[in-house]
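A.B. asks:
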Amino acid sequence: MRTVPPDIPCVLIVSDNSTDAALVKKLLASTSYNAFISTDPEKAVEDYERLLPQVLVLAFDALEKSERYYLGLYRLSSKIHSQTHRTVILCDKAEVKQVAEMCIKRSFDDYVMFWPMNYDAQRLGMSVHHALREIATQKDGGPSAAEFAAQARRLSELQALLDQQVALGGRRVNFASQAIEQAERDIGAALDGFSRRLGQGTLPGVPEVRDAAGLEHEMARLRRDQIHQPLRLAAESMQPLKIWVDELRKECAPLLESARALGA
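Everything in the sequence shown is counted per my numbering, starting at 1348 for the first residue and increasing by one.
1) Compare the Cα-Cα distances from Gln1529 to each of Arg1519, Glu1411, Ala1582 and Val1592 and report the closest residue.
2) If we ignore side chains and look at the alpha-carbon of each, how far apart do Ile1451 and Glu1442 end up?
3) What are the partner residues of Met1460, as DSSP defines its beta bridges?
4) Can you look up Ile1427 in the DSSP assignment and give me helix, strand or coil?
5) Is it right to say Arg1433 is buried, meaning 16 or more other beta carbons lie within 10 angstroms of its own, or is it exposed?
6) Could you check what DSSP says for Ser1385 in three-state terms: helix, strand or coil?
7) To the nearest whole angstrom, what separates the beta carbons of Leu1471 and Leu1410, a pair I think is in contact under 8 Å?
8) Smallest Cα separation from Thr1386: which of Ala1368, Val1402, Leu1403 and Lys1373?
9) Less than 8 Å between the CB atoms is what I'm expecting for Pro1400 and Cys1357, so what's the real figure, rounded?
10) Using three-state DSSP, classify Ile1482 as helix, strand or coil.
11) In chain order, what residues of the same chain have a beta carbon less than 8 Å from the beta carbon of Ser1365, not counting five sequence neighbours either side?
12) Grouping DSSP H, G and I as helix and E and B as strand, with all else coil, what is Arg1415?
13) Between the Cα of Leu1398 and those of Gln1430, Phe1407, Leu1509 and Met1464, spot the shortest distance and give me the residue it belongs to.
14) Please report the distance separating the alpha-carbon of Ala1391 from that of Val1513.
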């Protein structure tokens, strides 16, 4: 469970050095948000998903470590994709240019030169406040890109489900039509056999039929009016369902294509 109220912003400081992490937390002392520390690599995902921070401060002493941590979160966490957050990366003077280029490419959101010595103690706090302000403004203006992405994934799931159900509906309509046709053939064959045995007088306990032609005429009328016609009506009632399934598939095709593109 999250250990801070959901309406209070959360800042998570991640590092492999507890001393550096404690120093960063001291510099980020504020009453407008809560700052937490995560230094155990085995609990990186657990800490993130428990706190769901709005700002991640990557306080590693090498860019490669920050990249490995952040990529690991995206690979292992199920919540980071839908959680709106910003990243502030701390870096060494020798890596400033490389880190700045990565921020321009949106690999990270902002950076602070922190090593070998931090001359501007307020710079880190300002970066965090700017990140929180941007998130608050974005939420006031509408859904975030991450929230859109999460819904896009749901649309992709909906597309697969709709495709599956439409295909299932088509198969069931075809099965019902085939069952009616088979029932008509089976009933016809049964009536033919009954009529033949009745005309031949081979049915035990049944009097001999003296008017075979009349019997055949009555059986044909029974087959036509009482059996064939109701079954034909039942079979024809399947046709609107077939047409509906086909039309539904055609009408949904553009929408599903949009959902597929949005998911991609």
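Ideal placement from N, C-alpha and C gives every residue a C-beta, glycine not left out.
C.D. replies: The short version:
1) Ala1582
2) 14 Å
3) Cys1438
4) coil
5) buried
6) strand
7) With 8 Å as the limit, Leu1471 and Leu1410 do not qualify as a contact, their Cβ atoms being about 17 Å apart.
8) Ala1368
9) 4 Å
10) helix
11) Ile1384 and Thr1386
12) helix
13) Gln1430
14) 43 Å
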